[in-house]
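Structure first, then comments.
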Amino acid sequence: MIYFLFDLDDTLIIHDHGRHLNYEMIQPDYRLNNLLSKLRGESHIYTNGTAGHALECIERMNIKHNFTKIYSRDTLPFMKPDFRSFKVVQGDIQRNYNDKFLFFDDQLDNLKIAKSLGWFTFWIHPDYTEAGNYSFITMAFPNIYECLTYLENKY
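Next comes the structure, spelled out in structure tokens:
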């Protein structure tokens, strides 16, 4: 089985740094919904935000039905990038030794830990062209749309 784990803030939803996220500004994201619905596997949110924050965002974006579970700072004993957080998530999800984990995040320290567990890592960041400097990045893209479009027929 393939498991897709998505960070929320600055990966699935982009907002200006230094500004408080206004939920009223979040609109349905039909393009993202379409791309997520084509993934052949199980998708989860894995965020350092709260479960309530994640749920509010994915409901407003109209993408909630694409996700099986939300892993958040109030549902896990440890936060990213603590290695134990990744182990708890993997232990909760993994059913077989051959399961694959694809992890999408904007933070390098999170990706580094995920890679150490054998996960495929996708850096979603404006500086994605710098990915060659980091051996723990499987692939990098400027945004989640380009990433999921690339993966569309691969997973």
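Going by numbering that gives the first Met the number 0, the first residue of the sequence shown is number 0, and it counts up by one from there. Heads up, the beta-carbon is just placed ideally off N, CA and C, and yes, glycines get one too.
Where Thr128 and Thr120 are concerned, what is the direct C-alpha to C-alpha distance, given to the nearest angstrom?
C-alpha of Thr128 to C-alpha of Thr120: approximately 15 angstroms in a straight line.
Integer-rounded CB distance, given that Asp8 should sit under 8 angstroms from Glu62:
Correcting the residue type first, residue 62 is Ile in the shown sequence and not Glu. Incorrect: roughly 14 angstroms between the Cβ atoms, too far for contact.
Among all the DSSP beta bridges, which residues are the ones paired with Asp105?
Bridge partners of Asp105: none, in fact.
DSSP bridge partner residues for Thr120 (one or two, in chain order)
Partner(s): Phe102.
Any idea if Asp91 is buried or exposed, counting beta-carbon neighbours within 10 angstroms, 16 or more meaning buried?
Flag for Asp91 reads exposed.
Within this structure, are the beta carbons of Leu101 and Ile1 separated by less than 8 angstroms?
With contacts defined as CB atoms closer than 8 angstroms, Leu101 and Ile1 qualify as a contacting pair.
Alpha carbon of Ile57 to alpha carbon of Asn132, nearest angstrom:
Between Ile57 and Asn132, the C-alpha separation is close to 32 angstroms.
Going by other Cβ atoms of all chains shown within 10 Å of its Cβ, with 16 needed for buried, is Phe82 buried or exposed?
Residue burial is scored here from C-beta neighbours: Phe82 has fewer than 16 other C-beta atoms within 10 angstroms and is therefore classed as exposed.
Grab the span of the alpha helix (DSSP H) containing Leu4 for me, first residue to last.
Run containing Leu4: none in the alpha helix (DSSP H); it sits in the beta strand (DSSP E), 1-5.
I need the DSSP call for Glu41, collapsed to helix, strand or coil.
Here Glu41 sits in strand by DSSP.
Take Arg39 and list the residues in its own chain whose beta-carbon comes closer than 8 angstroms to its own, dropping the five residues that flank it on each side.
Cβ neighbours of Arg39 beyond the five flanking positions: Ile1, Tyr154.
Could you spell out the range, first to last residue, of the alpha helix (DSSP H) harbouring Ala50?
Where Ala50 is concerned, the enclosing alpha helix (DSSP H) stretches over 50-59.
For Ala139, which beta-bridge partners are listed by DSSP?
According to DSSP, which records beta bridges pairwise, Ala139 is partnered with Trp122.
Whole angstroms is fine: what's the gap from Val87's alpha carbon to Gln26's?
When the Cα atoms are used, Val87 and Gln26 turn out to be separated by approximately 32 angstroms.
With a CB to CB cut of under 6 angstroms and the five nearest residues on each side skipped, what residues in its chain are close to Glu55?
Once the five neighbours on either side are set aside, the close Cβ partners of Glu55 are Tyr22.
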